[in-house]
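Colleague: This note's numbering numbers the first residue of the sequence shown as 133 and each following residue consecutively.
From the three backbone atoms N, C-alpha and C, an ideal C-beta is built for every residue, glycine too.
Can you read through this structure? Questions will come right after.
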Amino acid sequence: MSHRYCLQNDGSSSKYRFFEKLIILTALIFVGGLIFSKLPEEINEGKQDVFKAFHDCVRPKLQHLKGKYKQFWHSFTRLTVGCDDLEAYKAMDIRIAKNQDEIKYVAFPHQDEHLTMVTLGIGHDVNAEVKLKKVYPNIKFFGADPASDINQDLYVNTLGGEYFQYEVSGTSGMQKSRVYHKEKYEEEITKHIGVDYFFKNVLHKDRIDILWMDIEQNEYPILEQLHSNGLIDREGVKICQINVELHKDIFEPNSEVEMMKFHDFVFKLLEDKKYIMMKPYYVKRFNFIRTFIVNVSDKECTDLYLK
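Right, dumping it as structure tokens:
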């Protein structure tokens with residue numbers, strides 16, 4: 133009698149322990165599922181924190197100049213330079229690469245991966261690209277410039293990249309270019325190729341990791357395509373980071389058109405939540421603005437350089 137009781141009791145205890153373990157395991161799976169379901173959201177929030185920091189610092193400084201194109205152009209660098217050292221930006225490893233007369237910025241990847249770099253407007257100078265290659269050798273270089281003299285040799289033989297002899301801009305066709313020859317610029321009609329076609333059908337790339345542009349006012353039609361649902365975006369091409377010179381008064385002196393385009397681009401950037409703009413520098417002597425633009429939206433880009 134007592135022996136049978138012990139057996140029955142042991143059986144009940146085993147069942148109890150089994151159900152207890154099952155409940156604990158179910159709870160662990162549930163909690164684990166919650167954690168993993170939250171990870172993408174938390175990662176996305178981290179990216180949004182970078183944009184929010186940019187937006188919250190820059191927009192209040194510029195809002196009073198909305199619609200005032202000339203003031204906006206001349207005040208932009210002075211007003212926003214204080215937003216370059218935000219705490220959120222420490223998630224990026226930003227370094228410099230110098231060429232003969234300027235500084236380029238690069239957000240370095242935190243993992244070893246093959247990168248694609250494009251230079252539009254070589255201008256007889258690949259010093260910064262060469263320095264970048266020494267620090268991060270795993271880069272494939274592509275360069276385009278309508279003047280092949282010097283540029284082709286520099287880009288192919290010195291840098292080890294691929295060279296294309298045309299102007300990359302907003303649309304294809306024969307159009308105005310300002311071409312650098314023998315230490316001076318000359319206005320010419322040259323062959324242009326649309327940037328969306330160049331990336332997708334010539335380079336066959338869906339992601340440009342590093343883009344450097346110095347194309348003498350032809351940068352604006354490209355910048356207009358960067359935003360969400362722009363032509364580059366619709367082609368499925370992601371551009372991770374950009375160094376660009378924004379020019380004015382090259383083809384039409386004393387025109388406000390470029391100042392308006394720059395103004396509209398910046399405010400669209402603030403609304404689009406895709407890019408941040410850093411390191412502005414106004415070259416007053418030649419009347420252009422240099423800046424560094426970083427994609428903080430597309431996962432392929434942010435997985436590379438945003439911690």
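Exposed or buried, what is residue 424 when buried is set at 16 or more other beta-carbons lying within 10 Å of its beta-carbon?
Modeller: Residue 424 should be labelled buried.
Colleague: Report, in whole angstroms, the separation of the C-beta atoms of residue 193 and residue 209, which I expect to be a contact under 8 Å.
Modeller: In fact, because the Cβ distance is near 11 Å, the residues do not count as touching under 8 Å.
Colleague: If you follow the alpha helix (DSSP H) that residue 207 is in, where does it begin and where does it stop?
Modeller: Per DSSP, residue 207 belongs to the alpha helix (DSSP H) from 201 to 212.
Colleague: Measuring alpha carbon to alpha carbon, tell me which residue in 317, 291 and 197 is nearest residue 418.
Modeller: Checking every option, the nearest Cα to that of residue 418 belongs to 317.
Colleague: Please go through the same chain and pick out, in chain order, the residues whose beta-carbon is closer than 7 Å to the beta-carbon of residue 282, but skip the five residues on each side of it.
Modeller: So the qualifying residues of the chain are 256.
Colleague: Is the separation between the beta-carbon of residue 245 and that of residue 291 shorter than 8 Å?
Modeller: Contact: no.
Colleague: Return the chain-ordered list of same chain residues with a C-beta closer than 8 Å to the C-beta of residue 431, the five sequence neighbours on each side being excluded.
Modeller: So the list is empty, once near-sequence residues are dropped.
Colleague: Within the chosen definition, does the stretch 345 to 361 reach the stretch 267 to 274 through at least 3 CB pairs nearer than 8 Å?
Modeller: Touching, no, given that fewer than three Cβ pairs across the two stretches are closer than 8 Å.
Colleague: When the Cα atoms are used, what is the spatial distance from residue 293 to residue 259?
Modeller: If I take the Cα positions, the gap works out to 13 Å.
Colleague: Taking buried to mean at least 16 other C-beta atoms within 10 Å of its own C-beta, is residue 122 buried or exposed?
Modeller: One cannot answer for residue 122 here, as it falls past the ends of the chain, which runs 133 to 439.
Colleague: Between which residues of its own chain and residue 464 is the CB-CB distance below 8 Å, once the five residues before and five after are set aside?
Modeller: Outside the shown range of the chain, which is 133 to 439, sits residue 464, and nothing can be said about it.
Colleague: Identify whether residue 411 lies in helix, strand or coil by the three-state DSSP scheme.
Modeller: In this structure, residue 411 counts as strand in the three-state DSSP scheme.
Colleague: Pull up the CB-CB distance for residue 309 and residue 350, whole angstroms please, since I reckon it's below 8 Å.
Modeller: Rounded, the Cβ-Cβ distance is 7 Å, consistent with contact.
Colleague: Keeping to the same chain, check which residues put their C-beta closer than 7 Å to that of residue 433; ignore five residues upstream and five downstream.
Modeller: Cβ within range, chain order: 370, 372 and 427.
Colleague: Skipping 5 residues on each side, what residues in its chain have a beta carbon closer than 6 Å to that of residue 325?
Modeller: Cβ neighbours of residue 325 beyond the five flanking positions: 298, 300 and 304.
Colleague: Can you look up residue 266 in the DSSP assignment and give me helix, strand or coil?
Modeller: Residue state, collapsed to three classes: helix.
Colleague: Secondary structure at residue 294, three-state DSSP: helix, strand or coil?
Modeller: Note: residue 294 maps to strand in three-state DSSP.
Colleague: Where does residue 375 fall in DSSP's three states?
Modeller: Residue state, collapsed to three classes: strand.
Colleague: When the distance is taken between beta carbons, is residue 254 closer than 8 Å to residue 286?
Modeller: Going by C-beta atoms, residue 286 is nearer than 8 Å to residue 254.
Colleague: At 3 residues or longer, what runs of the beta strand (DSSP E) sit wholly inside the stretch 222 to 283?
Modeller: The stretch 222 to 283 contains these whole beta strand (DSSP E) runs: 225 to 230, 235 to 240, 247 to 252 and 271 to 276.
Colleague: DSSP state of residue 136, grouped into three classes?
Modeller: For residue 136, the pLDDT reaches just 43, beneath the cut-off of 50, and the residue's location in the model is therefore unreliable, although a value from the coordinates is still provided. In this structure, residue 136 counts as helix in the three-state DSSP scheme.
Colleague: Just how far apart, CA to CA, sit residue 413 and residue 336?
Modeller: Looking at the two C-alpha atoms, the distance is approximately 33 Å.
Colleague: Measuring CB to CB, does residue 438 end up less than 8 Å from residue 224?
Modeller: The answer is yes: Cβ separation under 8 Å.
Colleague: Could you tell me which whole alpha helix (DSSP H) segments of length 4 or greater appear in the stretch 395 to 439?
Modeller: For the stretch 395 to 439, whole alpha helix (DSSP H) runs of length 4 or above, ordered along the chain, are 431 to 437.
Colleague: Does DSSP classify residue 311 as helix, strand or coil?
Modeller: If DSSP states are grouped into helix, strand and coil, residue 311 belongs with the strands.
Colleague: Is the distance from the Cβ of residue 377 to the Cβ of residue 345 below 8 Å?
Modeller: The answer is yes: Cβ separation under 8 Å.
Colleague: Mind checking residue 444: buried by the 16 CB within 10 Å criterion, or exposed?
Modeller: A query on residue 444 cannot be resolved here, the shown segment of the chain reaching from 133 to 439 and no further.
Colleague: Tell me the DSSP secondary structure of residue 300 in three-state form.
Modeller: Reduced to three states, the DSSP call for residue 300 is strand.
Colleague: Got a sec? Which residues, its chain only, sit under 6 Å from residue 176 by beta carbon, not counting five neighbours each side?
Modeller: At residue 176 the pLDDT is 49, less than 50, meaning the model places this residue with poor confidence; the figure from the coordinates comes in the next sentence. Same-chain partners within the cutoff: there are none.
Colleague: For chain D, check one thing: does any of its Cβ atoms lie closer than 8 Å to the Cβ of residue 283?
Modeller: Structure shown: chain D not included; a single protein chain is present.
Colleague: Hey, could you find the ends of the alpha helix (DSSP H) residue 365 is sitting in?
Modeller: Taken as a continuous stretch (DSSP letters only), the alpha helix (DSSP H) holding residue 365 covers 363 to 366.
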